[in-house]
Structures are given as C-alpha cells and as structure tokens.
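Q: No gaps in the numbering here: position 290 of the sequence shown is 290 in the UniProt record's numbering, and each next residue is one more.
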Amino acid sequence: MSQVLDAPPPPRTTSTAAAALSPAELAARHGLTVSGARPSLPAYVRQLWQRRHFITAFATAKLTAQYSQAKLGQLWQVMTPLLNAAVYYFIFGVLMDTKRDVADYVPFLVTGVFVFTFTQQSVMAGTRAISGSLGLVRALHFPRASLPISYCLQQLQQLLFSMGALVVILLCFGVPPTVSWLLVVPVLALQFTFNTGLALVMARLGSKTPDIAQLMPFVLRTWMYGSGVMWSIDAVLKDRHLPHAVQVLLECNPAAVYIDLMRFALIDTFHADQLPHHVWAWALGWALLAGIGGFIYFWKAEETYGRG
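1. Ordered along the chain, which non-local residues of its own chain (more than five positions away) have a Cβ less than 8 Å from that of Arg51?
2. What residue from Ala203, Pro186, Val229 has the CA that sits closest to Glu251's CA?
3. Compute the distance between the beta-carbons of Leu159 and Phe118, then report whether it is under 9 Å.
4. Measuring alpha carbon to alpha carbon, tell me which residue in Ala189, Ile55, Pro243, Gly164 is nearest Val110.
5. Can you grab the Cα-Cα spacing for the pair Arg128 / Lys208, in whole Å?
6. Run through DSSP, which three-state label would His241 get?
7. Taking the straight line between their C-alpha atoms, what separation do you get for Phe295 and Ile91?
8. Are the region 249-266 and the region 179-196 in contact at 8 Å, needing three or more beta carbon pairs?
9. Would DSSP call Tyr305 helix, strand or coil?
10. Rounding to the nearest angstrom, what Cα-Cα distance links Leu63 and Met79 in this structure?
11. Does the beta-carbon of Met202 have 16 or more other beta-carbons within 10 angstroms, so that it is buried, or is it exposed?
12. CB-CB under 6 Å to Gly112, same chain, minus the five flanking residues each way: which ones, in chain order?
13. Within the same chain, show all residues whose beta-carbon is closer than 7 Å to that of Ser2, passing over the 5 residues directly before and after it, in chain order.
14. Measuring only the C-alpha atoms, how far is Lys244 from Gly135?
15. The alpha helix (DSSP H) spanning Phe58 covers which residue range?
16. Using DSSP with H/G/I as helix, E/B as strand and the rest coil, what is Phe295?
17. What residues in its chain sit with their C-beta under 6 Å from that of Phe270, if we drop five residues either side in the sequence?
18. Chain C beta carbons: is any one of them nearer than 9 Å to that of Phe270?
19. Alpha carbon to alpha carbon, how far is Phe108 from Val102? Give it in angstroms, no decimals.
20. Is the beta carbon of Ser122 sitting closer than 9 Å to the one on Thr196?
21. Count the other C-beta atoms from every protein chain shown that fall within 10 angstroms of the C-beta of Ala255, then say buried if there are 16 or more, exposed otherwise.
22. Which residue spans inside the region 241-280 form an unbroken beta strand (DSSP E) run of at least 3?
23. Roughly how far, in whole angstroms, is the beta-carbon of Arg204 from the beta-carbon of Phe298, given that I think they are within contact range, below 8 Å?
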C-alpha cells in the first residue's frame, strides 16, 4: 500500500504575483503613464507657451507653401478675396442694387469680404486641423491645440498681407487715413481670439466626424449672407419692421460685429450711429466666450485625438 504525502504548494513566483495585478497597478508599480494623457489645464497652457516658436514657424511654413505651386504665388492671398468681392459687387451691388443704401460701397464691400474671409478660413482650417494631420498627431507628443491655433495664426498672417491691398482700395476711393485706423489692432485681436476658439471647437468635432468638413461650406455661406457682408444691416433694420428677435440676431451676430467695427475703424462715412448698441461689449464677450470656452472644450478631449 502506497503512502501519499502532501507536498507544500510551490512558492509564488514574481511573474505569478505580477500576473495577479491589474494593468493599472502594474503601470503604477513601474512608473508608467498613459501616452498622450491629458495634463491639467495650467500645465497644458504652459506646454503651449513653451511651443510658441513651433506654432509661429508652422503657421508661416503653411502660409508659404499654400500657393507654392501657383505661378502667381503669394499674390493669390490678395487676389482670391478681391475676386470674390468683384463677384459680389456685380451680383449684389449692380444687379440687386444694394449699393444705393451704402456710401462708399466698394470699400464697404471689400472690408466685409476680407474680415469675413478671415473667420471663414479659420473655421475651415480648424475643422481639418486634427483629421488632416493624423500622421503628425500620432507620431509626435505635443499639445494638440497647437495645430488649430497655428492654422488661425496662418489666416491672420494672410489677412495682414491682404490689408495692404485694402488700404490701397480705401485711398483710391477717397477714404482718408485717420486716427481711427488704430482701432484695427484691438478689433483684429478680438476677432483672432474668437476665430481661434471657434476653430478649437470645430477641430474637436472634426476629429471624430470628418464629414463635418463637407457640411461647413454651406453653413459658412449661410452665415456670410446673414452677416451684412454685401448689404447694410443698419439700412435693412430701418426700412423693414422685422421681429425683435431677428433684429437682435442680426445685430449681435459675431461676424457682423467684427465687420461693423472694422468698417467703423477704416471708413469715415461709416458712423457710430450705424453700429449696434454696446458693440464693443459684444465683441469682447464673443471673444472671451469662444476663446476660453473653445479652449477648455478642446482640452477636455486632448487624450483622444489621433486614436481609433
């Protein structure tokens, strides 16, 4: 009769103990962190500031390369909005005769086209900022907000380049330079903040739903027609008895606010009584709402960009 002896269990090896731990516990034991994890908001701002030179260099490089294949090169930065303004002048100014209600209609129209194009192109670039740069996003670790911010900075550089042509047009149509032209600086600062915030929102939405980029041209075109680019909101509100809600929407439309402020700064026949009430407060409010809100909204999804 055989005797069976109870052997003690084998000692627990290190690999067996490690297998019993969860992945999170293993990562904590070895000091590992999630790749691309979202930092705190103050840390995120510091990371962006540390990469400010990359943001400006990236924006300048994109602007330089934009028309590198065209024979006229950077002249298209000016010619594109000018050609759009010429088309709008023929259709709205001549055929629809909207110029009869507006003094200095050509400066009025060109200013509106240039300013709205700044917002339009910033939003479109922001929509594709993440989805169109997945190779860069997946290859390098950097704050993803750098991309939409750099695209908006690119559009600002393009607008500043085009402002030279706008000044020539103003002088050719007898609009004298005045001290009010200095207001262009705070107006552009507020509009850039607004555009950047909106681009950050669209970048997050576009990163998950790329089809938004196909829809945005129709949304932006509708926004342009309602922003008084080709016609005077002030004249329309005086001649027609529109519902109060419609009047408020037209006057407080952020694109119209920045366009009106730029016209007020540059065109001497565009007077303060043509501006909506509390226009500077609206301009500041839209800039803060879009800038801060858009930045936080984008930051909250930082660790999801470029994944799956």
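Beta carbons are placed, not taken as given, at the ideal position from N, Cα and C, and that holds for glycine.
A: On the basis of the supplied data:
1. Phe142, Pro143, Ser146
2. Val229
3. yes
4. Gly164
5. 11 Å
6. coil
7. 39 Å
8. yes
9. coil
10. 15 Å
11. buried
12. Val229, Ile259
13. Per-residue confidence for Ser2 stands at a pLDDT of 47, beneath the threshold of 50, marking its modelled position as unreliable; the derived number appears in the next sentence. Correct list: empty, nothing qualifies.
14. The sequence shown places His at residue 244, not Lys. About 49 Å.
15. 52-66
16. helix
17. Arg263, Phe264
18. The chain inventory of the structure shown lacks chain C, comprising one protein chain alone.
19. 8 Å
20. yes
21. buried
22. none
23. 5 Å
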